[in-house]
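Below is one structure, written out as structure tokens, with a few remarks after it.
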Amino acid sequence: DAGVTQSPTHLIKTRGQQVTLRCSPISGHKSVSWYQQVLGQGPQFIFQYYEKEERGRGNFPDRFSARQFPNYSSELNVNALLLGDSALYLCASSLVRGGGKNIQYFGAGTRLSVL
Amino acid sequence: AQTVTQSQPEMSVQEAETVTLSCTYDTSESDYYLFWYKQPPSRQMILVIRQEAYKQQNATENRFSVNFQKAAKSFSLKISDSQLGDAAMYFCAYRSDKETSGSRLTFGEGTQLTVNP
Chain A
9 DAGVTQSPTH LIKTRGQQVT LRCSPISGHK SVSWYQQVLG QGPQFIFQYY EKEERGRGNF
69 PDRFSARQFP NYSSELNVNA LLLGDSALYL CASSLVRGGG KNIQYFGAGT RLSVL
Chain B
39 AQTVTQSQPE MSVQEAETVT LSCTYDTSES DYYLFWYKQP PSRQMILVIR QEAYKQQNAT
99 ENRFSVNFQK AAKSFSLKIS DSQLGDAAMY FCAYRSDKET SGSRLTFGEG TQLTVNP
């Protein structure tokens with residue numbers, strides 16, 4: 009069975025541009041969460057989507073947005089890129105929204121470099 | 039807000055030896071989950087072990103075990119019989135059991151584990 013897949017694996021953008029990152033969850037998983045991992049730090053929660061609705065948002069500016077499609081795949085959009093947005097963006101999927109049966113499985117991430 | 043602290047940025051262990059990674063957390067909640075994730079150079083986060091706060095018994099997964107001290111808000115990971123493949127960044131993470139928190143994980147800063155042959 010395929011795990012969580014993310015595309016692209018690596019992306020280079022310049023300041024002010026916009027970027028879209030994609031995530032396909034494990035088959036049957038309805039929840040997708042996004043995390044930002046700056047080099048040398050632990051991941052920071054950005055969004056959770058469950059059943060195509062936003063169910064949680066971390067402390068990130070409105071330049072960050074996301075959506076979930078009917079097939080439960082998800083896109084993360086970042087507008088007006090800043091140098092500080094350079095990071096590894098991780099997607100995680102889980103079967104349920106939360107609770108004891110919630111175990112998150114991560115993709116390999118998209119490395120975004122902003123020049 | 040919950041916080042997770044890993045006070046050991048780097049640790050090293052000899053192959054076949056035992057090593058313990060430390061983690062403390064701060065929360066006012068009584069129901070939550072704690073996790074250890076491993077992140078090798080391939081970047082993919084891999085779940086190592088998890089602990090439910092309501093369980094007094096420490097979780098074990100083969101060579102991996104935890105020492106969960108709820109009152110002290112401590113959650114350490116012990117790796118026995120260390121193998122070269124255990125070398126990675128290890129993250130401690132917290133998740134609330136509140137429905138409004140959903141899947142949100144709060145991570146520590148990580149501990150880089152080196153395994154020496």
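Protein sequences appear in the order of chains A and B. Take any residue in the first sequence, note its place counting from 1, add 8, and you have its number in my numbering. Take any residue in the second sequence, note its place counting from 1, add 38, and you have its number in my numbering. Positions of the beta carbon are idealized from the N, C-alpha and C atoms, including for glycine. For clarity, every value in this text was computed on a predicted model and none was experimentally measured.
- Of all residues in the stretch 54 to 87 of chain B, only S80, R81, Q82, M83 and L85 come within less than 7 Å of chain A when Cβ atoms are compared, listed by chain position.
- The Cβ of G123 of chain B sits no closer than 8 Å to any Cβ of chain A.
- Interface annotation for the stretch 103 to 120 of chain A against chain B: V104, R105, G106, G107, G108, N110, I111, Q112, Y113, F114, G115, A116, G117 and R119, criterion Cβ-Cβ distance under 9 Å.
- Neighbours of R63 of chain A across chain B, judged by C-beta separation under 7 Å: G140.
- Taking 8 Å as the cut-off, the Cβ atoms of I84 of chain B and F102 of chain B do not count as close.
- Put simply, the backbone Cα of T65 of chain B is about 13 Å away from that of K136 of chain B.
- Between L120 of chain A and R81 of chain B, the C-beta gap is not smaller than 8 Å, which leaves the two residues out of contact.
- Residues of chain B with a Cβ closer than 8 Å to the Cβ of P51 of chain A are, in chain order, M83, F129, L143 and F145.
- When DSSP reads this structure, D64 of chain B sits in a beta bridge with B:T41.
- Cβ neighbours of L91 of chain A within its own chain (closer than 7 Å, five residues either side excluded): R23 and V122.
- Under the Cβ distance rule, S32 of chain A does not count among the residues neighbouring chain B, no pair being separated by less than 8 Å.
- The beta carbon of Q25 of chain A sits closer than 6 Å to the beta carbons of L89 from its chain, once the five residues preceding and following it are set aside; these are given in chain order.
- Look at L115 of chain B here: in three-state DSSP terms it is strand.
- Of all C-beta pairs linking the stretch 52 to 72 of chain B to the stretch 128 to 148 of chain B, three or more are shorter than 8 Å, placing the two stretches in contact.
- Residues of chain B whose Cβ lies closer than 7 Å to the Cβ of Q26 of chain A do not exist, since the nearest Cβ in that chain is about 24 Å away.
- With fewer than 16 neighbouring CB atoms inside 10 Å of its own CB, P47 of chain B falls in the exposed class.
- For A74 of chain A, DSSP records a beta bridge to A:L84.
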